[in-house]
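>
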Amino acid sequence: MLQIPDFIDRSAVTRHLPVLVRRRMEQYVDHINALLAVKNPRVMARMAPSAMRGLFLRVGQRGRPVEAPSRHRVYFDFDYPSDHPEMMALYEKAKRLQWNASTDLDWRTSVDPMNPEVPLLAESFIDWASLQDRGVGLHGPQRTELLHRVTAWMLSQFLHGEQGALLAAAQVTEATHFFDGKFYGATQVMDEARHVEVFRRYLDEKLERRYVVNDNLFTIIDSLMTDGRWDMKFLGMQILVEGLALGAFSTMYKMTAEPLLRELLKRVIQDEARHVRYGILALRDLYNHQLTERERAEREDWAFEIVVLMRNRFLAHELYEEGFAHLCSVREWNAVMNSSPGMSVFRTTMFKRLVPNLRAIGLLTDRVRPKYESIGLGRFIHLDATDRLTDEALLAA
Ligand SMILES: [Fe+2]
Ligand SMILES: [Fe+2]
0 MLQIPDFIDR
10 SAVTRHLPVL
20 VRRRMEQYVD
30 HINALLAVKN
40 PRVMARMAPS
50 AMRGLFLRVG
60 QRGRPVEAPS
70 RHRVYFDFDY
80 PSDHPEMMAL
90 YEKAKRLQWN
100 ASTDLDWRTS
110 VDPMNPEVPL
120 LAESFIDWAS
130 LQDRGVGLHG
140 PQRTELLHRV
150 TAWMLSQFLH
160 GEQGALLAAA
170 QVTEATHFFD
180 GKFYGATQVM
190 DEARHVEVFR
200 RYLDEKLERR
210 YVVNDNLFTI
220 IDSLMTDGRW
230 DMKFLGMQIL
240 VEGLALGAFS
250 TMYKMTAEPL
260 LRELLKRVIQ
270 DEARHVRYGI
280 LALRDLYNHQ
290 LTERERAERE
300 DWAFEIVVLM
310 RNRFLAHELY
320 EEGFAHLCSV
330 REWNAVMNSS
340 PGMSVFRTTM
350 FKRLVPNLRA
360 IGLLTDRVRP
370 KYESIGLGRF
380 IHLDATDRLT
390 DEALLAA
């Protein structure tokens, strides 16, 4: 039976080089299949430039700064109207609940990723039997080591998502037509900067490990950053990516015993809940009452394809490339990830947050509900949207 030698053992990598080349080809095929799974040709055409940059050119993974074209219109209002009391209330709440990442978290906490007494992630996160079935038997410290890497991978994706949120929140603040939304948006920019700060610091100081951006996450963020329409930025970032984030943070909060990480996540989740509420406030009237049928259908189709992408594509390929590409195929790895209990909790929590929010903003009409039901998400449609949930309910996952 094969054992994982060392995740970054260069001699092992060199020895298996032809296999790794074959694996890379398999990944391209995997990406092409993901794109072909997009049923709607208009959505496919809209996603194509971002998919080319993210999946095939992999510009997010080259270790260099990335520039993306931004075409949104900046909206000024020199009348300074008080135009949205609920957004103003959210702004007041956000000002009250600001926190300082440097002083409000106990960074003196000692974190030892290899200490099984305080696991970063519950061992039940991974489907070890499924890995073993594919010839990769891991035991004892090897399991702890992989859980350390999975934690670092997930937190790295949180970090990259937070950078996307920081830049998107700034764009949304420029582009929104609600003046009270600009007040609120400024607090979200600050929140997202703080989130980048805490995840970067935790990864660098406590886990001493960081992974490149997942190419599917890059594709989604690139797509909404480069869309010129303000509401698409709201929909993409405030509803879809924030929904993904809430699901991921709650899952991690539930599955980690490390106290600093738990406290950090708790505070971030409370901030994120405001961000999703803002997205619902901004889009609810527009999508329910102001768009034409055709305009709404376009947004519904786009949101559905992003949801499918989120469901199928967050499979830790960066970890696979690091330590498993010479041990099993991409298809086998995907099967292990799909059957892992932790990933299953993550997907359930994400859709529990996300799908009711799509209903709340009017993007789950009878036209698209059967599509959600066909991929097993119908059971989430009638749950409470995030604007109805308490902070405690959000933490409960
Ligand atoms: Fe955030
Ligand atoms: Fe956020």
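Using numbering that gives the first Met the number 0, read the sequence shown as starting at 0 and increasing by one per residue. Every residue, glycine too, gets a C-beta built ideally from N, C-alpha and C. Quick caveat: nothing in here was measured; it's all calculated off a predicted structure.
1) Tell me whether Asp390 counts as near ligand 2, meaning its Cβ is closer than 8 angstroms to at least one heavy atom of that ligand.
2) Quick one: give me the first and last residue of the alpha helix (DSSP H) that Arg193 is part of.
3) Hey, Gln97 and Asp190: beta-carbon distance below 9 angstroms or not?
4) Indicate whether the contact test is met: 3 or more Cβ pairs, each with one atom in the segment 201-209 and one in the segment 56-64, closer than 8 angstroms.
5) Use the C-beta contact count for His316: other C-beta atoms within 10 angstroms, 16 or more gives buried, fewer gives exposed.
6) Mind checking Lys232: buried by the 16 CB within 10 Å criterion, or exposed?
7) Does at least one heavy atom of ligand 1 sit under 8 angstroms from the Cβ of Ala244?
8) Taking Cβ positions, are Gly242 and Leu130 nearer each other than 9 angstroms?
9) Here's a check: name, in chain order, each residue in its chain whose Cβ is nearer than 6 angstroms to the Cβ of Ser69, leaving out the five neighbours to either side.
10) One question on the structure: do Ala384 and Arg358 come within less than 9 angstroms of each other, judged by their Cβ atoms?
11) Give the secondary structure of Val65 by DSSP, where H, G and I count as helix, E and B as strand, and everything else as coil.
12) Ligand 1 and Ala384: does any heavy atom of the ligand fall closer than 8 angstroms to the residue's C-beta?
13) To the nearest angstrom, report how far apart His138 and Glu331 are at their CA atoms.
14) State whether the segment 111-125 contacts the segment 337-346, with contact taken as three or more CB pairs (one from each stretch) at a distance under 8 angstroms.
15) Is it the case that the Cβ atoms of Leu119 and Leu158 are separated by a distance below 9 angstroms?
16) Terminal residues of the continuous alpha helix (DSSP H) containing Glu317?
17) For the segment 262-277 against the segment 95-110, do three or more pairs of beta-carbon atoms, one drawn from each stretch, fall closer than 8 angstroms, so that the two count as touching?
18) Candidates Thr108, Met309, Ala185 and Ile360: which alpha carbon is nearest Glu299's?
19) Determine the extent of the alpha helix (DSSP H) in which Asp383 is found, giving its start and end residues.
20) Would you mind reading off the limits of the alpha helix (DSSP H) that contains Val367?
21) Of all the options Met349, Pro355, Thr347 and Asn311, which has the alpha carbon lying nearest to the alpha carbon of Ala334?
22) Near ligand 1, which residues have their beta-carbon closer than 5 angstroms to a heavy atom?
23) Please determine, among Leu234, Arg52 and Glu304, the residue with the shortest C-alpha to C-alpha distance to Tyr286.
So, from the data block:
1) No, the Cβ of Asp390 stays beyond 8 angstroms of every heavy atom of ligand 2.
2) For Arg193, the uninterrupted alpha helix (DSSP H) run begins and ends at Phe178 to Arg200, by DSSP.
3) The answer is yes: Cβ separation under 9 angstroms.
4) No: fewer than three Cβ pairs fall under 8 angstroms.
5) It counts as buried.
6) In summary, Lys232 is buried, with 16 or more beta-carbon neighbours lying within 10 Å of its beta-carbon over all protein chains present.
7) Flag set: Cβ of Ala244 near ligand 1.
8) Cβ distance not < 9 angstroms, so Gly242 and Leu130 don't count as in contact.
9) Taking Ser69 as the centre and dropping the five residues before and after it, the same chain places no C-beta closer than 6 angstroms to its C-beta.
10) Yes. Within cutoff.
11) Coil.
12) No, the beta carbon of Ala384 sits no closer than 8 angstroms to any heavy atom of ligand 1.
13) C-alpha of His138 to C-alpha of Glu331: approximately 20 angstroms in a straight line.
14) Segment contact: the segment 111-125 against the segment 337-346, three or more CB-CB distances shorter than 8 angstroms; contact assigned.
15) No.
16) That run of the alpha helix (DSSP H) goes His316 to Gly322.
17) A contact exists between the segment 262-277 and the segment 95-110.
18) Glu299 has its Cα closest to that of Ile360, out of Thr108, Met309, Ala185 and Ile360.
19) From DSSP, Asp383 is part of no alpha helix (DSSP H); its letter is neither H nor E.
20) Premise fails: Val367 is in no alpha helix (DSSP H) and is neither H nor E.
21) Looking at the Cα atoms, Asn311 is the closest of the given residues.
22) Residues flagged by the Cβ proximity filter: Glu161, Ala164, Glu191 and His194.
23) That would be Leu234, whose Cα lies nearest to the Cα of Tyr286.
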